[in-house]
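Protein chains in written order, with this note's numbering: chain A, 13 to 223; chain B, 13 to 223; chain C, 13 to 223; chain D, 13 to 223.
There are 4 protein chains.
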Amino acid sequence: MSEKRLHILEVAEQLFYEKGFEGTSVRDIANTASVNLAMISYYFGSKEKLLTALVEWRAGYIQGVLNELVTDETLDPFEKIDRLVNLYTDKIFNHSRFHCIMTTHLPTIQSEKIKQLMTDIKLRNLDNIRRIITEGQKKGFFRKVDIELTVASIMGTITHITSSKPLYYKIYGIERNNAEAYNKKIAPKLKTHLKQLLRTHLDIKSDTGML
Amino acid sequence: MSEKRLHILEVAEQLFYEKGFEGTSVRDIANTASVNLAMISYYFGSKEKLLTALVEWRAGYIQGVLNELVTDETLDPFEKIDRLVNLYTDKIFNHSRFHCIMTTHLPTIQSEKIKQLMTDIKLRNLDNIRRIITEGQKKGFFRKVDIELTVASIMGTITHITSSKPLYYKIYGIERNNAEAYNKKIAPKLKTHLKQLLRTHLDIKSDTGML
Amino acid sequence: MSEKRLHILEVAEQLFYEKGFEGTSVRDIANTASVNLAMISYYFGSKEKLLTALVEWRAGYIQGVLNELVTDETLDPFEKIDRLVNLYTDKIFNHSRFHCIMTTHLPTIQSEKIKQLMTDIKLRNLDNIRRIITEGQKKGFFRKVDIELTVASIMGTITHITSSKPLYYKIYGIERNNAEAYNKKIAPKLKTHLKQLLRTHLDIKSDTGML
Amino acid sequence: MSEKRLHILEVAEQLFYEKGFEGTSVRDIANTASVNLAMISYYFGSKEKLLTALVEWRAGYIQGVLNELVTDETLDPFEKIDRLVNLYTDKIFNHSRFHCIMTTHLPTIQSEKIKQLMTDIKLRNLDNIRRIITEGQKKGFFRKVDIELTVASIMGTITHITSSKPLYYKIYGIERNNAEAYNKKIAPKLKTHLKQLLRTHLDIKSDTGML
DNA sequence: CATGAATGAGGGTTCATTCAT
DNA sequence: AATGAATGAACCCTCATTCAT
């Protein structure tokens, strides 16, 4: 992939993140990327195909490592959950702009192709986590929980944090748009919170007989 | 507020939910609402002011009851949390379209006024929940947790569920766009899940000394 | 139909005649007609629909009178042919620009709707003339000729004259673009030529037994 | 001329015929001809020069034989007319696409050079036919007719037939775009029709004293 | 000789908004 | 109060062409 093509994708990601897909014009992207307007059609065919290219380029970012984690035999279920939290938090924080696009802007895109792509990714993620929890249950470490909603709590918490940056900038007194400082400050807190939340949630010893 | 004005707001909410703010044209709204195109500028001044009017109209939906809950002296902290979960889940599910607009589409709006409005609402919500948890801690029921991130888990979980409808339609085998069936099936599950998650998370007896 | 709408149609006709449909931009039309660019979409929906509107507006110009002619019982077949020639020549000369668009530019339009519209008009014209000739044959005035090709000779001759103006300007020494002088000079000649051509062609007494 | 150059010309002819000059993009031609886009400018300089090259390549198709015919001393005037009809019909049918481009699309081209080229060709054709008819008149076979309009009838009839294919496909029940079947069926009919039309038109014995 | 990359101009269309009535 | 007509700006995209290699 040519360097210019990559540059366009990066710029598009930034602008889609800031202003949404519909709110970003191809002219915006061309100007910001210091690229001729026609180049974008030349490289990608259309604005929507540019978005598709962006999704295809970034979508793999969460795969791979996850598979290793799931099949690792040396870790006990709690360790796996901890690693899972680390993994997801890091991945999402490192690609927070794209993650925001995925979760907030893509749903409004009318393209069925993109919708299908997104649903597939989410289903695969869900499936991997499901296997970790199920394994923990079989081994007697975890109690019975609603797996889909547990996943929703993990993903939802991280998403909430990444997509409510303006709010948390204020709460934590971080200067606006200093994303690096934000990540550095929030990521460890978030990991600790999620690990603790999931430990008490999953630990069979926590069972209060509520369900 | 005139009936026609309300009708326009309802139609706008539906369309903003489906296609985003930028993806919805004033013509769309006028046609769908069977209203003259010029009426919308006439009533609201501009497209952005229409959105502001929508936010102001709907934003109060979570207030009021929450204040009562916080200051209610007859409930113990766990009961307050349970009520809080019921309250939020119901409110958000009953206004899921508007909630989606708030969490997914509004962040891209460039208007500072709207951003400020949203941040205010979120801060107020956060503050109310913070008071419930702090009270529980003072009374010795709750242990020390990261309050901001706990709120993030509550809001994030609900948001994740409401904004990933297409995915959960598939998982739970609900026919597409049957929002009522979705709410009826998911809401009780979600309430139970959140209550349990928060009970073990907050209960001082669950403290594993992780923090 | 509003005056402005009519004006746009007239301007479009002139420009389509001069430069073809594809060679004429909507901006051309808007500027020439001193009309805002967006008005054209406002009135007609699209460039192609503007063309359709033009066709529908002008297409009736040959109808009506033709029907009267066909059913007129007081004229003998040769008189009917003479009148037919007068009628067609006048009509086409009076709308020569539109006639050129019909015969030369429309065939390249990809729109099936317009193609169908044109074919219908031509078929109806053909049918009317066929009835005149058939009637003349039944009454024993006309001999057996290939009717379709006879019509082709009538229409083709007129079309050739109207669409080869630059050539005939030169031949007849008329100053360029003086359409009025052209029509005044050529129309009578053309009528005489066609009447004579058709008389000898159709007259049963001319039959040389070639067919 | 290189083979590739010829191929480009053939493809261009086909596309100009189908969609007009302005309606055909250089990309269309390049893709259809499986040739690099830049090749076309490389070979021909510009789109308009490509058209000029096409005209120059094909324009000679009617020349040559005609000169022989005019100066042939062994044929009587009627035989010359018959041969002329055969010659023109065959030539035009064999190059019907180019003939259509000449008569329908070229007039909109703004290039003065091309217009001049076309006018020259037409004038030369007119002149040749004029000499045949004049000769027939001098020898006492033909009566006095309007020569220019007689030529218009010949050319116009053939042009009408070749440029109204869609109509005649329908009339004669030929499957669409089967040009070969069309030519095979129509050409003989057309020749017979024109010969008969011209014989009675020109024959001094047909003179009805109308003129 | 040939081509992928790049460009400025212009294409048709839609936008949110305003005006005259 | 209410609306059809009108507008300037901007939309995404494609155009014919050129240039460096």
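C-beta atoms are modelled at their ideal positions from N, C-alpha and C, and glycine is treated no differently.
Quick one, which of the options has its alpha-carbon nearest residue i's?
i, options, result
"E85 of chain D", "D:R143, D:I52, D:I126, D:K197", "D:R143"
"D215 of chain A", "A:T83, A:T162, A:A191, A:F90", "A:F90"
"L209 of chain C", "C:T162, C:K177, C:R109", "C:T162"
"T83 of chain C", "C:N140, C:E15, C:K217, C:H19", "C:N140"
"N137 of chain D", "D:Q149, D:F154, D:I104", "D:I104"
"H111 of chain D", "D:F28, D:A50, D:R155", "D:F28"
"N98 of chain A", "A:Y184, A:I170, A:E192, A:R17", "A:I170"
"T212 of chain B", "A:I186, A:L62, A:V157, A:E15", "A:V157"
"S14 of chain D", "D:E34, D:K92, D:I52", "D:I52"
"I93 of chain D", "D:A193, D:Y54, D:F154, D:Y181", "D:F154"
"L87 of chain A", "A:Y54, A:E147, A:Y194, A:W69", "A:E147"
What does residue i pair with, by DSSP beta-bridge criteria?
i, result
"F154 of chain B", "B:D215"
Do you know how far the Cα of residue j is from the Cα of residue i?
i, j, result
"V47 of chain B", "V23 of chain B", "11 angstroms"
"E207 of chain A", "K203 of chain B", "Note on residue identity: the sequence assigns Lys, not Glu, to residue 207 of chain A. Between K207 of chain A and K203 of chain B, the C-alpha separation is close to 21 angstroms."
"S175 of chain D", "I41 of chain B", "48 angstroms"
"S165 of chain C", "S165 of chain D", "6 angstroms"
"N189 of chain B", "A199 of chain B", "16 angstroms"
"E160 of chain A", "K217 of chain B", "26 angstroms"
"R109 of chain C", "Q26 of chain C", "7 angstroms"
"R95 of chain D", "L81 of chain D", "8 angstroms"
"L18 of chain C", "S123 of chain B", "43 angstroms"
"E187 of chain A", "F33 of chain B", "28 angstroms"
"Q149 of chain A", "K31 of chain B", "41 angstroms"
"G5 of chain A", "K16 of chain B", "Within the shown structure, residues of chain A are numbered from 13 to 223, placing residue 5 of chain A beyond reach of any answer."
"V38 of chain D", "A191 of chain C", "35 angstroms"
"T44 of chain A", "K61 of chain A", "19 angstroms"
"K177 of chain B", "I183 of chain B", "10 angstroms"
"Y54 of chain A", "N79 of chain B", "57 angstroms"
"A193 of chain D", "S58 of chain C", "37 angstroms"
"D132 of chain A", "D132 of chain C", "52 angstroms"
Rounded to the nearest angstrom, how far is the Cβ of residue i from that of residue j, given a contact under 8 angstroms?
i, j, result
"L129 of chain C", "A71 of chain C", "7 angstroms"
"M167 of chain A", "H172 of chain B", "6 angstroms"
"A65 of chain B", "F56 of chain B", "6 angstroms"
"T36 of chain C", "T116 of chain D", "About 16 angstroms; that fails the 8 angstroms criterion."
"L11 of chain C", "I121 of chain C", "Any answer about residue 11 of chain C is impossible in this case: the structure gives chain C only from 13 up to 223."
"K134 of chain A", "L179 of chain B", "5 angstroms"
Given residue i, which residues of its chain have a CB within under 7 angstroms of its CB, disregarding the five upstream and five downstream residues?
i, result
"L118 of chain A", "I126, M130"
"V67 of chain A", "I126, L129"
"K151 of chain B", "P89"
"W69 of chain A", "L21"
"L223 of chain D", "The pLDDT assigned to L223 of chain D is 46, lower than 50, so where the model puts this residue is not dependable; a value taken from the coordinates is nonetheless given after this. Excluding positions up to five away in sequence, the list reads K156."
"H195 of chain B", "Sequence inspection shows Asn at residue 195 of chain B; the His mentioned does not correspond to that position. Once the five neighbours on either side are set aside, the close Cβ partners of N195 of chain B are F105."
If I measure Cβ to Cβ from residue i and keep anything under 8 angstroms in the same chain, skipping five residues before and after, which residues do I get?
i, result
"T101 of chain B", "I170, A199, L202, K203, L206"
For residue i, I'd like the list of residues in its chain whose CB is within less than 6 angstroms of its CB, leaving aside the five on either flank, ordered along the chain.
i, result
"Y181 of chain D", "R188"
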